[in-house]
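Numbering (my numbering), first residue to last: 17 to 410.
The structure under discussion appears below in the form of structure tokens.
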Ligand SMILES: Cc1cc2nc3c(=O)[nH]c(=O)nc-3n(C[C@H](O)[C@H](O)[C@H](O)COP(=O)(O)OP(=O)(O)OC[C@H]3O[C@@H](n4cnc5c(N)ncnc54)[C@H](O)[C@@H]3O)c2cc1C
């Protein structure tokens, strides 16, 4: 547990300037920013840090396509570039590796028309994938740029190699952030305590151990944030979001960890450090058991092994499933609640949380305390936008 040092509040676990509900990747980064700003913070998780969707195995950091540029794509580009520095800082402070590497991405092009589209994107990347003195590329190649990785026949019309994509080991990053926070001056952590109710206007969170008082609350409880927000929002016609189950697996394989992430039709193959390769993911709106794995994962593994022949005999060391938070309008859901301004949402990262969480969390913390300049969020990312979408009559 981090040390208590909050001059504006009495010491103890029952009050904080900032209460963060949920210690997944979103809540952890929010706590890091709060620490850096010197905000007295209490981070509370119902279980242990990273026990939710953030405790998975995949860790692909995938950019959007470089065409039809938008403020949303620009936000993601800046986040993906900044993440490298943010992680390096946490690693330097803690001495722990987050398993981050900008290993790039390979996309096989099985049909000629896909090559035509990809060639257009080559120029789009030259125009758009540049930030902070860095430039990234989307190359169209006839053959894979590396040997003994992707099956060369998978790309009958070539391959895309992008140099912006990266990967991180989710559990290693969670562990590094948690270690940073355990040594923090302004952040305290309580694990194993669920927030059962929130009254943001009175600044009270209820738990089985009594009340926690707060000035501001960041709600980063993953998919569990949605029903909590639904309950305090008037005139909704639909829920603000839903959980989407995903299954993934970790294999032990003698593979160069610098190999690019492979992506084909929702299948990811991610080489990690230490002789591990992750394969994912299913996307299931309906499920009986949120944490079980089944034949859908077997099918993914079969596809992965045919795409990457060197995985043929690789042992599966873990099968894993989790629930992604998908907001009603698909984009992340961040920002102050229009009816309860001291409550700030920080969820909805769906399939791309790991590449964005540090920037979204900074935006949430800055907004919570009106620290200027506020970090710009694309309109579709705001809680206000999601509420507007969920309030439309269907
Ligand atoms: C199979 C799979 C593969 C994925 N692959 C990728 C990928 O390659 N790249 C990528 O960027 N993303 C990926 N994702 C998505 C990513 O994992 C999630 O979007 C992300 O982890 C969500 O983080 P979060 O902090 O919002 O939620 P979570 O990690 O779920 O954290 C929420 C936390 O809140 C706590 N909590 C809940 N309710 C309460 C309460 N009432 N009181 C206190 N605490 C509470 C929970 O215990 C939990 O620790 C994948 C997800 C899955 C399932």
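Yeah, the Cβ is synthetic: ideal placement off N, Cα and C, and Gly gets one too.
| query | Regarding residue 297 and ligand 1, is the C-beta to nearest heavy atom distance less than 7 Å? | reply | Residue numbering aside, residue 297 sits at position 281 when the chain shown is read from its first letter. Correct: residue 297 has its Cβ closer than 7 Å to ligand 1.
| request: Buried or exposed for residue 159, please, with buried defined as at least 16 other CB atoms from any protein chain shown within 10 angstroms of its CB. | output: Here residue 159 corresponds to residue number 143 of the chain shown, with the count starting at 1. Here residue 159 is exposed. Its C-beta has fewer than 16 other C-beta atoms within 10 Å.
| query | CB-CB under 7 Å to residue 124, same chain, minus the five flanking residues each way: which ones, in chain order? | reply | Reading the chain shown from its first residue, position 108 is the one you call residue 124. For residue 124, where only same-chain residues beyond five positions count, the Cβ hits under 7 Å are 166, 170, 171, 175 and 280.
| request: Can you tell me the Cβ-Cβ gap for residue 289 and residue 273, rounded? I've got them flagged as a contact below 8 Å. | output: Sequence index remark: in the chain shown, residue 289 carries index 273 (1-based). Sequence index remark: in the chain shown, residue 273 carries index 257 (1-based). Yes, they are in contact, since the Cβ atoms of residue 289 and residue 273 sit about 5 Å apart, within 8 Å.
| query | Buried or exposed: where does residue 26 fall if 16 or more other Cβ atoms within 10 Å of its Cβ makes it buried? | reply | The count along the chain shown starts at 1 and reaches residue 26 at position 10. Confidence in residue 26 is poor, its pLDDT being 38 and thus under 50, which makes the residue's placement unreliable; the coordinate value appears in the next sentence. Label assigned to residue 26: exposed.
| Is the CB-CB distance between residue 331 and residue 252 below 8 Å? | If you number the chain shown from 1, residue 331 lands on position 315. If you number the chain shown from 1, residue 252 lands on position 236. No. Outside cutoff.
| query | Rounded to the nearest angstrom, how far is the Cβ of residue 356 from that of residue 246, given a contact under 8 Å? | reply | Here residue 356 is taken as the residue at index 340 of the chain shown, counted from 1. Here residue 246 is taken as the residue at index 230 of the chain shown, counted from 1. Their Cβ separation, rounded to whole angstroms, is 13 Å, which puts residue 356 and residue 246 out of contact at 8 Å.
| Beta-carbon separation of residue 337 and residue 327 under 8 Å? | Start at 1 with the first residue of the chain shown, and residue 337 comes out as number 321. Start at 1 with the first residue of the chain shown, and residue 327 comes out as number 311. Not in contact: residue 337 and residue 327 (Cβ atoms no closer than 8 Å).
| field | DSSP bridge partner residues for residue 215 (one or two, in chain order) | value | By one-based count along the chain shown, residue 215 stands at place 199. Bridge partners of residue 215: 220.
| 8 Å Cβ cutoff met for residue 145 and residue 99 | Residue numbering aside, residue 145 sits at position 129 when the chain shown is read from its first letter. Residue numbering aside, residue 99 sits at position 83 when the chain shown is read from its first letter. Cβ atoms of residue 145 and residue 99: not closer than 8 Å.
| message | Could you tell me the alpha carbon to alpha carbon distance between residue 21 and residue 55, rounded to whole angstroms? | response | Here residue 21 corresponds to residue number 5 of the chain shown, with the count starting at 1. Here residue 55 corresponds to residue number 39 of the chain shown, with the count starting at 1. Its pLDDT being 37, under 50, residue 21 is placed unreliably in this model, and the coordinates cannot settle the point.
| query | Around the Cβ of residue 311, are there at least 16 other Cβ atoms within 10 angstroms (buried) or fewer (exposed)? | reply | To locate residue 311, count along the chain shown from 1; it is residue 295. It is exposed - the Cβ of residue 311 has fewer than 16 other Cβ atoms within 10 Å.
| request: Could you tell me the boundaries of the alpha helix (DSSP H) in which residue 244 lies? | output: The residue you call residue 244 lines up with position 228 of the chain shown. Taken as a continuous stretch (DSSP letters only), the alpha helix (DSSP H) holding residue 244 covers 241-247.
| Contact set for residue 49: own chain, Cβ-Cβ below 7 Å, skip 5 residues either direction | Counting from one through the chain shown, the residue named residue 49 turns up at place 33. Hits under 7 Å: 377, 378 and 381.
| If you follow the beta strand (DSSP E) that residue 206 is part of, which residue opens it and which one closes it? | Reading the chain shown from its first residue, position 190 is the one you call residue 206. Counting along the chain, the beta strand (DSSP E) containing residue 206 begins and ends at 203-207.
| said: Short of 6 Å in beta carbon distance, which residues of its chain neighbour residue 232, apart from the five on each side in sequence? Order them along the chain. | reply: By 1-based counting over the chain shown, the position of residue 232 is 216. 34, 358 and 384, listed in sequence order.
| query | Going straight from the alpha carbon of residue 205 to that of residue 254, what length do you get? | reply | Numbered from its first residue, the chain shown carries residue 205 at position 189. Numbered from its first residue, the chain shown carries residue 254 at position 238. Rounded to the nearest angstrom, the two C-alpha atoms are 34 Å apart.
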